[in-house]
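Student:
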Amino acid sequence: MVKQMQDKFNKYLVEYFMILSCAVILDPRYKLNYVQYCFTTIYGIHASDFVQTILCNLRLLCDWYIKKSKFMSSSLVGSSNVSDNNSVDSNLHQHNVNMVDLGGDYDESDDYKRKISI
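Just so you know, we're using UniProt numbering here: the sequence shown kicks off at 1 and counts up by one.
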């Protein structure tokens with residue numbers, strides 16, 4: 001009976017790892033390095049398999065979000081009261097898209113600290 005309970009627990013744990021890991025990666029305080037550390041601590045040499053699965057799913061989520069946001073923005077173009085000549089917003093958005101790095105050391109708190117020190 002204990003073996004059955006352990007198997008069931010492990011099954012659900014793996015499913016929740018995916019969701020929790022994505023949330024941790026999206027949190028600017030932790031990012032991917034923290035998830036890699038935790039999985040290495042738990043799974044040892046098999047950690048890279050879990051991390052790659054999480055990264056793949058996170059990229060799928062980002063791709064879905066980009067497609068969805070492009071669809072929503074294109075459907076709002078005709079109904080917008082704001083002119084489309086705002087190149088600053090467009091350039092800022094493109095800069096943010098170009099800066100997306102799922103495995104990097106980017107931390108939004110660094111940007112905040114730089115802004116308040118100026």
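All C-beta atoms, glycine included, are put in the ideal place defined by N, C-alpha and C.
Note that the structure is a prediction, hence the values are computed from the model and not measured.
Given this structure, state the Cα-to-Cα distance separating Ala-23 from Met-1, to the nearest angstrom.
Tutor: 33 Å
Student: Per the contact definition of three or more C-beta pairs closer than 8 Å, is the region 50-58 in contact with the region 11-26?
Tutor: Segments in contact, yes.
Student: Within the continuous alpha helix (DSSP H) that includes Met-1, where are the two ends?
Tutor: Premise fails: Met-1 is in no alpha helix (DSSP H) and is neither H nor E.
Student: Is Tyr-12 helix, strand or coil when you go by DSSP?
Tutor: The answer is helix: DSSP assigns Tyr-12 an H, G or I state.
Student: With DSSP as the reference, label Asp-49 as helix, strand or coil.
Tutor: helix
Student: On a Cα-Cα basis, can you pick out the residue from Cys-62, Leu-32 and His-46 that is closest to Ser-21?
Tutor: Leu-32
Student: For Arg-59 and Ile-25, what's the separation of their Cα atoms in angstroms?
Tutor: 12 Å
Student: Suppose you measure from the CA of Ile-66 to the CA of Lys-11; what does that come to, to the nearest Å?
Tutor: 31 Å
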